[in-house]
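Since the structure comes first, as structure tokens, the remarks are kept for the end.
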Amino acid sequence: SPGIILHDEL
Amino acid sequence: MNIFRLAGDMTHLMSVLVLLLKIHTIKSCAGISLKTQELYALVFATRYLDIFTDFISVYNTIMKLIFLGSSFSIVWYMRRHKLVRRSYDKEQDTFRHFFLVLPCLLLALVMNEKFTFKEVMWAFSLYLEAVAILPQLVLLQRTKNIDNLTGQYVFLLGAYRAFYIFNWIYRYFTEPHYVHWITWISGLVQTLLYADFFYYYFNSWKNNVKLHLPA
Numbered sequence: 008s009p010g011i012i013l014h015d016e017l
Numbered sequence: 000m001n002i003f004r005l006a007g008d009m010t011h012l013m014s015v016l017v018l019l020l021k022i023h024t025i026k027s028c029a030g031i032s033l034k035t036q037e038l039y040a041l042v043f044a045t046r047y048l049d050i051f052t053d054f055i056s057v058y059n060t061i062m063k064l065i066f067l068g069s070s071f072s073i074v075w076y077m078r079r080h081k082l083v084r085r086s087y088d089k090e091q092d093t094f095r096h097f098f099l100v101l102p103c104l105l106l107a108l109v110m111n112e113k114f115t116f117k118e119v120m121w122a123f124s125l126y127l128e129a130v131a132i133l134p135q136l137v138l139l140q141r142t143k144n145i146d147n148l149t150g151q152y153v154f155l156l157g158a159y160r161a162f163y164i165f166n167w168i169y170r171y172f173t174e175p176h177y178v179h180w181i182t183w184i185s186g187l188v189q190t191l192l193y194a195d196f197f198y199y200y201f202n203s204w205k206n207n208v209k210l211h212l213p214a
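Residue numbers (my numbering), protein chains in the order written: chain A, 8 to 17; chain B, 0 to 214.
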């Protein structure tokens with residue numbers, strides 16, 4: 008969903 | 000995923016395993032700062048809030064569980080385990096970590112990517128991770144003799160973030176729109192905090208002498 012920022016790093 | 004990030008994650012994993020090995024096998028946490036371990040548990044707890052809501056990959060989820068599990072079990076060992084807690088140096092480990100948590104929280108409220116609970120917690124976890132090593136570095140300065148496992152633990156912990164810096168540079172040049180100033184600046188500050196430790200660690204290794212930090 009566009010709203011959230013996806014942090015793909017640990 | 001790129002080689003720098005994988006190397007960083009593996010180095011970070013190694014640092015945790017070295018510490019768990021030390022505590023579990025020789026039942027001692029001499030030279031280890033409980034304050035730093037508590038800060039790391041808080042870092043992971045606030046950074047991995049999305050572990051069950053946003054699925055990235057199996058690798059990502061497994062590593063998050065490992066870091067959460069290991070950091071909380073290390074705190075448990077140092078606080079509860081009857082043998083391990085005896086070797087904890089309470090008098091020397093006196094850094095008031097509350098004075099690290101509060102500024103990081105205030106900064107996260109001001110500087111974040113989005114003013115939502117998760118994003119503020121995420122920024123908080125990055126700022127806190129950058130300074131979480133300070134109680135440990137202070138303790139190392141105070142306790143003259145640093146045993147090998149503790150030295151290796153701190154070295155690996157610093158090296159993981161150095162690998163991440165190469166990862167950020169690589170991603171910046173290979174992925175459009177990959178810009179995360181908060182991560183980059185806090186990661187750089189974190190690595191710089193290890194600079195003098197690295198210097199003395201490298202020299203002790205080069206001259207083959209026991210590692211000790213100047214007072």
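The C-beta atom is built at its ideal place from N, Cα and C for all residues, glycine as well.
A quick note: this is a predicted structure, and the numbers were derived from the prediction, not measured.
message = Quick check on the DSSP output: the alpha helix (DSSP H) that includes valine 57(B) runs from which residue to which?
response = 57-79
key: For isoleucine 184(B), three-class secondary structure by DSSP   = helix
query = Does DSSP put leucine 212(B) in a helix, in a strand, or in coil?
reply = coil
request  = Could you list which residues in chain A have their beta carbon closer than 7 Å to that of tryptophan 121(B), in chain order?
outcome  = His14
inquiry  = Need the endpoints of the alpha helix (DSSP H) that aspartate 217(B) sits in, please.
reply    = With chain B represented from 0 up to 214, any question about residue 217(B) goes unanswered, as that position is not in the structure.
request  = Classify tyrosine 58(B) as buried or exposed, calling it buried when 16 or more other Cβ atoms lie within 10 Å of its own Cβ.
outcome  = exposed
ask   = Is asparagine 206(B) helix, strand or coil by DSSP?
value = coil
query = Which bits of chain A does methionine 62(B) rub up against, with CB to CB less than 9 Å?
reply = Neighbours of methionine 62(B) on chain A, chain order: Leu17.
key: glutamine 91(B), DSSP secondary structure in three states   = Note: glutamine 91(B) maps to coil in three-state DSSP.
task = Could you have a look at tyrosine 195(B) and say whether DSSP puts it in helix, strand or coil?
result = Before going further, note that residue 195(B) is aspartate rather than tyrosine in the sequence given. Aspartate 195(B) falls in the helix class under three-state DSSP.
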